[in-house]
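What follows is a set of notes on a single structure, which appears directly below.
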């Protein structure tokens, strides 16, 4: 009832508005009327309704005009808005003038049409974005605005059903634009038609354009899917939609005029061959089509086609080279070949920070196996029921885009439909922010695999551990299990297998598995070692803090670091090292687990090492934290931590005297005392007192021999506060005999509050400015001139290393999670090997891009010595055919692709919509990010081994 009433009210409003001249309506009346009509129209939208494009520039002008009521200079002083709803962010400056007539000329590709009230013959730009270039208005809104303002041209578009369930509504802004070619005449024209129209409507439209006898449409005129200038399928199902027939934008449609005698094409005594063209030389005739119920682009688009060289004579020359090959196969010869055509050199428009997507797509599209597969009829392999896939939509969108990019011509393609599908199934790539091209590539390969998985019902498989069985047997078993659940063109082409060996660090249990891989992510590192800077503190008063830089294995563990520090500081047998990470002047964590990987220590961390006496049973650690007063407000001060904490060892008696703790702290600070400082008995009470011999107390762990050089000094009594297990602060400066219960404390935390007078007596600069583990500096000349080999990166990837703590391994023998050592070996290599160079690294405070130049081979990338399975007779030589590049810094920059057209043996740079030839020596650069290698073909390589993927021979072909 409400909707009916609203619709009735809106209709009444329209009638009143048309009767009332626009000049008599106030801006507020226009806004309210348009708002009400728009809400009603959109709420009742159905398939077939018309929406109109209107330029964003004019629409925004009108919005400003009708929302000027809130302007301070407006006499009405009504509350306005910057939108139809009345919400506004306007600053209220100035009064907007009434817009002039509607001007959609900036949306038109070749200027406005002669008839401004018709969209016949009007082509809009191919790169328009809703909200940026235009808005869509319901027909009722357009009619009202047009009655008020006039102008044009009117750009009407229909509402169609879309989405997987066909229940979502969308406005088809870009209907299909199809290139029609009629034989035997060789005439061409262009037609605009909705993808939801049927083949029957296309049939009738083609006959109207070429003035064919409509009464003989079915019997005498055949329409072919002529994608790539080859017959793919006879379009004879008149009720099938063009969308269901997989007809793409700018696709060629062949219109054959038949003579029923012997089903041969005869015109004026000329025989027509199966490729659709006459033996005699054809002429190019550009027709001005007659108007029909369909939107026809006519002579305007025909001229555009001729400018691209799409003449009938050239089309004839491109197909006559392979006569009589399609008579038994409607799909014809769909091998990838660019010789003599414009295929493969079509760019992708940048829709706004989509260079990351464009570069990855171009590399996949120019992978020969994929180019062939998606240009054939791959629909029978789509797995519509796979819950892990995208119900075939990603594969269809990618296949449609690939066919456009391989079609003749070089007009850049706007990948909007593909990006829309991508955003639907991978929201992380929605919007227009820059993303990682490799992350997108990984998603695409995995998503295409699931959409095209030939296994419709995955069997349950149980992969057993090797348990001493031969590697060959175990590897074949794992691969068979993998293929039983995963079998697609992606597996055929891109998936390999590596051997993974895990060794438990405690019981030495060895586990061997064989896992598939889609690509290899290689680290960029010159060496196998790592430099780390650490500050060493002595706790017996024998030496000042010192900084040392040590070298440890890059993939080592904490035990390697502790051993290196022990060697650097000449650790005694009675001493041990306590290694800690310092954050915000406090001890963040103890690095005491010997098996944890050094990769958990970042370059911007701060580490300290403490030499203490080896702990006996019951000993606890004393942590000394330094504090000083800092001004917070004009009249308030607060004690805040500063410097580096110190550590010593305590005998864990049930009770300890405050004097003992005073002595231990004084001993640790002895090396920091300034020379020539004398203390009198009448000094500041908070900083007076005599240090006692620690041996008198017998409870401390301080080495009195080491401290003997300083023990005779007069030391000030320190303002210490101890925090017990109940978080209560105990003042240790008032008397030496105060008893402190340590029975429930695992460690003792003591705060030393440094007064200004106390600071004058010590060189506390030794406690400050703790260096980072590793600080990046300018690249040395040697590093700049010494290239890093791709083989070195591969060896680093295959080198044994401990698992990260987040990826612990459950040892079946220990029955516990262990940080095992992991070793990888290549076992089975794919036809196409994708290599990702890990240029981006992350730490808590920074993101870092490695700009290292990697010297990667373009020819003869030989992996023979890296493949552990020696049974394979396949060639292990690879040739580079594509790569993506990243220029600039993290989170920004720009992606491009270098691609080799194999049949031309020539490299091109794909920079979004711009494509240019490049020399082979220019392919290598420090910007190389993802490399695409293809197995080199050789006469001696033979076929794949018995354990190889069964479809490898089927998908590989020669150029």
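Residue numbers (this note's numbering): 1316 to 2274.
Yeah, the Cβ is synthetic: ideal placement off N, Cα and C, and Gly gets one too.
Taking all protein chains shown into account, residue 1444 has fewer than 16 neighbouring C-beta atoms within 10 Å of its C-beta and is therefore exposed.
Judged by DSSP secondary structure, residue 2196 falls within the beta strand (DSSP E) whose first and last residues are 2192–2202.
Between residue 1510 and the set 1454, 2172, 1489, 1438, the nearest pair of CA atoms involves 1489.
Residue environment: residue 1973 is assigned as buried (16 or more neighbouring CB atoms within 10 Å of its CB, all protein chains considered). Note on geometry: alpha-carbon atoms of residue 1686 and residue 1680 lie some 6 angstroms from one another. Around the CB of residue 1363, fewer than 16 other CB atoms lie within 10 Å, so the residue is classed as exposed. The Cβ-Cβ distance between residue 1573 and residue 1517 does not fall below 8 angstroms.
DSSP places residue 1699 in no alpha helix (DSSP H); its state is neither H nor E.
In its chain, beyond the 5 residues on either side, 2036, 2037, 2039, 2055 have a beta carbon closer than 7 angstroms to the beta carbon of residue 2045. Taking 8 angstroms as the cut-off, the Cβ atoms of residue 1697 and residue 1763 do not count as close. Straight-line spacing of the CA atoms in residue 1662 and residue 1670 works out to 11 angstroms. Residue pairing of residue 1945 in beta bridges, as defined by DSSP: 1953.
Shortest Cα-Cα distance from residue 1688 to any of 1790, 1441, 1803 involves 1803. In the DSSP assignment, residue 1814 forms a beta bridge with 1829, 2140. Residue range 1961–1965 is occupied by the beta strand (DSSP E) that includes residue 1965. Between residue 2246 and residue 2178, the C-beta spacing is not below 8 angstroms. In this chain, the beta strand (DSSP E) harbouring residue 1926 covers 1922–1928. With 16 or more other Cβ atoms inside 10 Å of its own Cβ, residue 1704 counts as buried.
Looking from the CA of residue 1749, the closest CA among 2048, 1674, 2128, 1832 belongs to 1674. Contact between residue 1716 and residue 1733 holds, with the beta-carbon distance rounding to 5 angstroms and staying under 8 angstroms.
Sixteen is the threshold: when 16 or more other Cβ atoms of the shown chains lie within 10 Å of the Cβ of residue 2226, as they do, the residue is buried. Here the alpha carbon of residue 1747 sits roughly 11 angstroms from the alpha carbon of residue 1672. It is roughly 15 angstroms from the alpha-carbon of residue 2242 to the alpha-carbon of residue 2172. Rounded to the nearest whole angstrom, the CA to CA distance from residue 1372 to residue 1456 is 17 angstroms.
In its chain, beyond the 5 residues on either side, 2241 have a beta carbon closer than 7 angstroms to the beta carbon of residue 2166. Along the segment 1686–1770, the alpha helix (DSSP H) occurs as fully enclosed runs of 4 or more residues at 1708–1721, 1731–1740, 1752–1766, listed in sequence order.
A residue is called buried once 16 or more other Cβ atoms fall within 10 Å of its Cβ, and residue 1876 is buried on that count. Around the beta carbon of residue 1872, 16 or more other beta carbons sit within 10 angstroms, so the residue counts as buried. When DSSP states are grouped into helix, strand and coil, residue 1875 belongs to the helix group. Residue 1499 carries a coil assignment under DSSP once its states are collapsed to helix, strand and coil.
In the DSSP assignment, residue 1898 falls within the unbroken beta strand (DSSP E) covering 1890–1898. Under the DSSP assignment, residue 2231 falls in the beta strand (DSSP E) whose first and last residues are 2229–2233. DSSP places residue 1672 within a helical segment (H, G or I) once states are collapsed to three. By the C-beta density criterion, residue 2129 is exposed, having fewer than 16 other C-beta atoms within 10 angstroms.
Pairing residue 2222 with residue 1658, the inter-Cα distance amounts to about 15 angstroms. With respect to residue 2081, residue 1859 sits close: the two C-beta atoms are nearer than 8 angstroms.
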